[in-house]
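Here the structure comes first, spelled out in structure tokens, and everything after it is commentary.
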Amino acid sequence: MSTSTILIIVFVIAAIGAVLGYRRARGFRSEDGKRLHSRPVYHASYVVSWALIPSLLVLAAWLIVSPILIQITVRGDFPDNVLAQSALTEDLAYGMIESLGAGLTVLPDDERAEVSDQTPIAELTPMLQRRGMPVASATADWMVPLALQRNALQSISGIAMTVTVILLAAAGAFWGYRRLALRLRARNQVESVVNVMLIVASSIAILTTVGIIFSMLFETIDFFGRISPMEFFFGTTWEPRFSAAGSGGTEGQFGLIPLLAGTLYIGSVAMLVAVPIGLFAAIYMAEYARNSTRSVVKPLLEILAGIPTIVYGFFALVTVGPFLRDLSSQLSGLVSGDYAPFIQAQSVLTAGLVMGIMLIPFVSSLSDDIITSVPRSLRDGALGLGATRSEMIKQVVLPAALPGIVSALLLTASRAIGETMIVVLAAGVAATITINPFEAMTTITVKIVQQLTGDLEFTSPQTLVAFALGITLFVITLCLNVYALYIVRKYKEQYE
Amino acid sequence: MTDVTANGLSDNAADTTKGRRDIGIRKRYASEKRFKAYGVAAISLGIFALVFLLFTVVSKGYTAFWQTEIRVPITFSQDMLGTPEQAAESQTKLLMANYPQLAREGLARLLEIDPEDKAAMTAAGKLVSTGVSVELRDIVMGDLSKIGTTEEVWLYADSELDSAMKGQYDLNVPESRRPISDLQLEYIQRLEAEGYLQQRFNWGLFTHGASSRAETAGVGVAILGSAYMMLIVLVLALPIGVAASIYLEEFAPKNKFTDLIEVNINNLAAVPSIVFGLLGLAVFINWFGLPRSAAVVGGLVLTLMTLPTIIIATRAALRAVPPSIRWAALGLGASKNQTVFQHVLPLAAPGILTGTIIGLAQALGETAPLLLIGMVAFVADYPDTPMDAATALPVQIYMWANEAERAFVERTSGAIMILLGFLALMNITAIFLRRRFEQRW
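From first to last, the protein sequence lines stand for chains A and B. Under my numbering, think of the first position of the first sequence as 1, with each following residue one higher. Under my numbering, think of the first position of the second sequence as 1001, with each following residue one higher.
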């Protein structure tokens, strides 16, 4: 029986339990001054909890554990010559057995009956291919009995799981129903179940972080087993397919420096665009603009933040890049008569400019909040002493808001470093180190995408390096974020 | 006292005689004006960038919603397709038939071309998309009685012709430098004059899947993939996010653990989205063995990304409910849970809903993590379940943006317009909900 059918049955049992429990609780008569402790709906929930929680936990555990147990059993029966080889060969062999087993379940009953332990794979392959099931060419004869064994184990496990889970649900519902009584503290018990569920939900945030860190850490350690960390962090060449002449390795070179340089360069150009525009926009809106202007302009600028980054990437690719290229070709034509463009269509400038536009609303709305939270008394004091508005802003408001603005800029910078789609489309893929902003550079995020799209082999350093890049990116942005949040907290306390 | 006044007066008197003491007021006012002008300039630049961006997308993309089509009388000849009886028995002939040949013959009849004139036939044949084979095959296989009859069918024009009709090619350059020959141009003009060639609304853009031919490529499959993902995000992120916020805001004791959760959530909101893609690849695909390219993996990854947004919005909404409501409920004998679930939560619902919609809108536009979990896939068929290979609207845009063909630029912009349309709709709904239901105490 499929898992979804089991789930439906379990829920039906719980629903029946709920209805019966509700009726039973309604039926309780008050005796010698004692009234029903909890309202009937809590009695119903009580039965439902008993029906659902144990059975669903068992179901989840079964689904996780049973494939592992089956794999261990089947692998124990591998021929010795396979066991003698590397773990990788074993994994591959098990994968073939799995797909063979899956293929066998598709066969119609009469054909499947003909398949036995002795059936050679050569006979089986055409049967499977007729049903549209591909068979790996390396599949060997000894895998057939194991595939049959795996299927047998799987169907036994499936039946056992169905029976156990459904029985458990029914037993739970029955047990809960039997326990209903006039003075049962159903509400309190249901509420503590709810509380546990709330705690579980809020730990998911922690689990996500743990998941991020561990998933990347394991693959990164694997990567550093093949490529030394020194080579990765201090290498100046990024050539994942080719190693340096004479080094003898065939792994390729994975130098982080060019990617990091590109990331920081493009990020700085973006900040150079976004910070002045965003900051001045924020100051104007907080200090000068009338309410009516503000209520129009602020949402307009925030639309920029709501536009998906892929749209900015496309904008850079088809509009800004070609525009800058043509502009530079016209300029050099005017100066030297040679119409060769000195700005490439994919360049640091293009990516930085467009990313800067994307970041404007981040800078402006974060700074706006901070500037408006500077107390009115400071402003009044400065104005009372005869300062003009701009002097008041430059000499009183901005210094007071500085920590907050710095943290806003740090958060913006972390966004610039982690930005992916704009640079994928507009920055180029050449991992070069240059100080010319008119040439293409590449970033950490571009390389993560490049290494992980297309055919994946989870054992090659070419794939694993993406995780090392990812964890580098994560650590950099984490430091920026934590520091920024720390400043914000401290700053908030100052004015509250 | 009098001294001071006297001094002040005499100073004033001196000023009026020598002119005012120069305290740089003019300069200061000038710098005030400059400062204000910088602010106006910054805002104008920002708004200009927004308008320019939207203008570019719309001006490049609106043509994608129209598609040049040619009305061709097609004779489903028995010579090629066999009799209906044969077709009912075996479909091989129908599947293998040379449908472009039928289209060519139809065009030849329309343009009165001699079928023996090979060059003219080729030129005419290139006017219609090679995608006609699927179009015509579906017509015949859908109704076998059409075999042997002649029927007028609207066929997609070739994407080069489509681009030319939309004025994207300069047709005044010499013949060798444009994709449409003089002969074809003459045919086009004749067809257009007789009303056989028209630009019609491009429903295919909304219903078709991925295709290597621009004229038959659409975002239908991608929209369904995105819809699956949004559904998963909604079903998972909303309850989990609300539960987590209720715990943190209403129940959690102030201790190290809850502090850790708080810092964590704020951090997760600022983690680059591509890192979530790596998480999805390593955990959901590698460890749990979920299928690559499936909407379910994308949905899970986007759920984790959206959770912090929803939690932050929900907590703000819960905090906005005045404590007097809680005190009243508790005072009347409600338990803590009853207070929260029956009084606080309903009052916070509009705020929670608004935050959820905004979180969903973010998730809908997200591309980077989906690239890593294999959504960059050529998916031509609608996925039946979330476990099937699917693609998403922003990923489809990314893939089209990488296509070189002229007609794909227009389609990419068109797809972006559709995406922005969805996002605008969601945000307007959120604003409407906020205006309509938000209570201020």
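The C-beta atom is built at its ideal place from N, Cα and C for all residues, glycine as well. Here the structure is a predicted model, which means the values were calculated and not measured.
Checking contacts by CB at 8 Å: is Ala-1282/B closer than that to chain A? With a threshold of 8 Å between beta carbons, Ala-1282/B makes contact with chain A.
Give a yes or no on whether the C-beta atoms belonging to Thr-1068/B and Asp-1162/B are separated by under 8 Å. With respect to Asp-1162/B, Thr-1068/B sits close: the two C-beta atoms are nearer than 8 Å.
Suppose the cutoff is 8 Å on Cβ atoms and the five residues either side in sequence are ignored; what does the same chain contact list for Gly-248/A look like? Confidence in Gly-248/A is poor, its pLDDT being 49 and thus under 50, which makes the residue's placement too unreliable to answer from.
Spatial distance of Leu-1238/B from Arg-1315/B (CA atoms): Approximately 13 Å, taken between the alpha carbons.
Consider the Cβ of Thr-1002/B: report whether some Cβ of chain A lies at a distance smaller than 8 Å. Note on Thr-1002/B: pLDDT 44, under 50, position unreliable in the model; the coordinate value appears next. False, the Cβ-Cβ gap to chain A never drops below 8 Å.
Can you check DSSP and say which residues form a bridge with Gln-1101/B? None; Gln-1101/B has no bridge partner.
is_contact[Glu-123/A, chain B] using C-beta, thresh 8 Å: Not an interface residue.
Where does the unbroken alpha helix (DSSP H) through Gln-149/A begin, and where does it stop? DSSP places Gln-149/A inside the alpha helix (DSSP H), whose first and last residues are 143-179.
Taking the alpha-carbon of Leu-146/A as reference, which of Gly-95/A, Ser-202/A and Val-449/A has the nearest alpha-carbon? Of Gly-95/A, Ser-202/A and Val-449/A, the smallest CA-CA separation from Leu-146/A is found for Gly-95/A.
Would you mind sorting Lys-1126/B into buried or exposed? The rule is 16 or more other CB atoms within 10 Å of its CB. With 16 or more other Cβ atoms inside 10 Å of its own Cβ, Lys-1126/B counts as buried.
Do Leu-100/A and Val-65/A have their beta-carbon atoms positioned less than 8 Å apart in this structure? Their beta carbons are not under 8 Å apart, which means Val-65/A does not touch Leu-100/A by this criterion.
Pick out the complete alpha helix (DSSP H) segments inside the region 316-341 of chain A, 4 residues or longer, and give them in chain order. The qualifying runs are 321-336.
The region 1027-1039 of chain B: which residues have C-beta closer than 9 Å to a C-beta of chain A, in chain order? Those would be Arg-1028, Tyr-1029, Ser-1031, Glu-1032, Lys-1033, Arg-1034, Phe-1035, Lys-1036, Tyr-1038 and Gly-1039, in chain order.
Given this structure, state the Cα-to-Cα distance separating Phe-223/A from Ala-466/A, to the nearest angstrom. Roughly 9 Å between the two C-alpha positions.
Would you say Phe-1206/B faces chain A, with C-beta separation under 8 Å as the test? Chain A, which has no Cβ nearer than 8 Å to the Cβ of Phe-1206/B, makes this no.
Note down, one range per segment and in chain order, each beta strand (DSSP E) of at least 3 residues found wholly within the region 1189-1254 of chain B. Considered as a whole, the region 1189-1254 of chain B harbours 1197-1201 as its complete beta strand (DSSP E) runs of no fewer than 3 residues, in chain order.
Using a Cβ cut-off of 8 Å (strictly closer), state whether Phe-467/A contacts chain B. Interface residue, yes.
Mind checking whether Leu-1371/B and Thr-453/A have CB atoms under 8 Å apart? Cβ distance < 8 Å, so Leu-1371/B and Thr-453/A count as in contact.
Pull the bridge partners of Glu-31/A from the DSSP assignment, please. BP columns for Glu-31/A point to Lys-34/A.
State whether the region 1029-1038 of chain B contacts the region 1131-1143 of chain B, with contact taken as three or more CB pairs (one from each stretch) at a distance under 8 Å. Taking a contact to require three or more Cβ pairs closer than 8 Å, the region 1029-1038 of chain B and the region 1131-1143 of chain B do not qualify as touching.
Taking 8 Å as the CB-CB cut-off, is Arg-389/A touching chain B? At a cut-off of 8 Å, the C-beta of Arg-389/A has a neighbouring C-beta in chain B.
Does Met-1141/B pass the burial test, meaning 16 or more other C-beta atoms within 10 Å, or should it be called exposed? Per the 10 Å Cβ criterion, exposed.
With distances taken from CA atoms, which of Met-230/A, Ser-215/A and Ala-14/A is nearest Trp-175/A? Closest by alpha carbon: Ala-14/A.
Is the CB of Phe-254/A under 8 Å away from at least one CB in chain B? Put simply, the CB of Phe-254/A is far from chain B, with every gap to its CB atoms at 8 Å or more.
CB-CB under 7 Å to Val-1379/B, same chain, minus the five flanking residues each way: which ones, in chain order? Apart from the 5 residues on each side of it in sequence, Val-1379/B sits with its Cβ closer than 7 Å to the Cβ of Gly-1209, Ala-1210, Val-1221, Ala-1389, Ala-1390 and Thr-1391 in its chain, given in chain order.
Check each candidate in Val-1173/B, Phe-1284/B, Gln-1091/B and Leu-1183/B and name the one with the smallest Cα separation from Asp-1138/B. Nearest neighbour of Asp-1138/B by Cα position, chosen from Val-1173/B, Phe-1284/B, Gln-1091/B and Leu-1183/B, turns out to be Gln-1091/B.
Taking a contact to mean a Cβ-Cβ separation below 8 Å, would you say Pro-1386/B touches Gly-1289/B in this structure? One thing to note: Pro-1386/B has its Cβ no nearer than 8 Å to the Cβ of Gly-1289/B.
Do Leu-1111/B and Tyr-1187/B have their C-beta atoms closer together than 8 Å? Taking C-beta atoms as the reference points, Leu-1111/B and Tyr-1187/B count as a pair closer than 8 Å.
Whose C-alpha, out of Arg-183/A, Ile-6/A and Ile-156/A, is nearest the C-alpha of Ile-166/A? Comparing alpha-carbon positions, the option among Arg-183/A, Ile-6/A and Ile-156/A lying closest to Ile-166/A turns out to be Ile-6/A.
If you draw a straight line from the C-alpha of Gln-330/A to the C-alpha of Met-271/A, how long is it? Met-271/A has its alpha-carbon roughly 27 Å from the corresponding atom of Gln-330/A.
According to DSSP, is Leu-1009/B helix, strand or coil? Model confidence at Leu-1009/B stands at a pLDDT of 47, short of 50, so the residue's coordinates are unreliable and nothing is read from them.
Leaving aside the five residues before and after Arg-294/A along the sequence, list all residues of the same chain whose C-beta is less than 8 Å from its C-beta, in chain order. So the qualifying residues of the chain are Met-285.
Using a C-beta cutoff of 8 Å, does Ile-1428/B count as contacting chain A? So, not an interface residue.
Arg-415/A in three-state terms, based on DSSP: Three-state DSSP puts Arg-415/A in a helix.
When you compare only the Cα positions, how much space is there between Leu-1425/B and Gly-1359/B? Between the C-alpha atoms of Leu-1425/B and Gly-1359/B there is a straight-line separation of about 14 Å.
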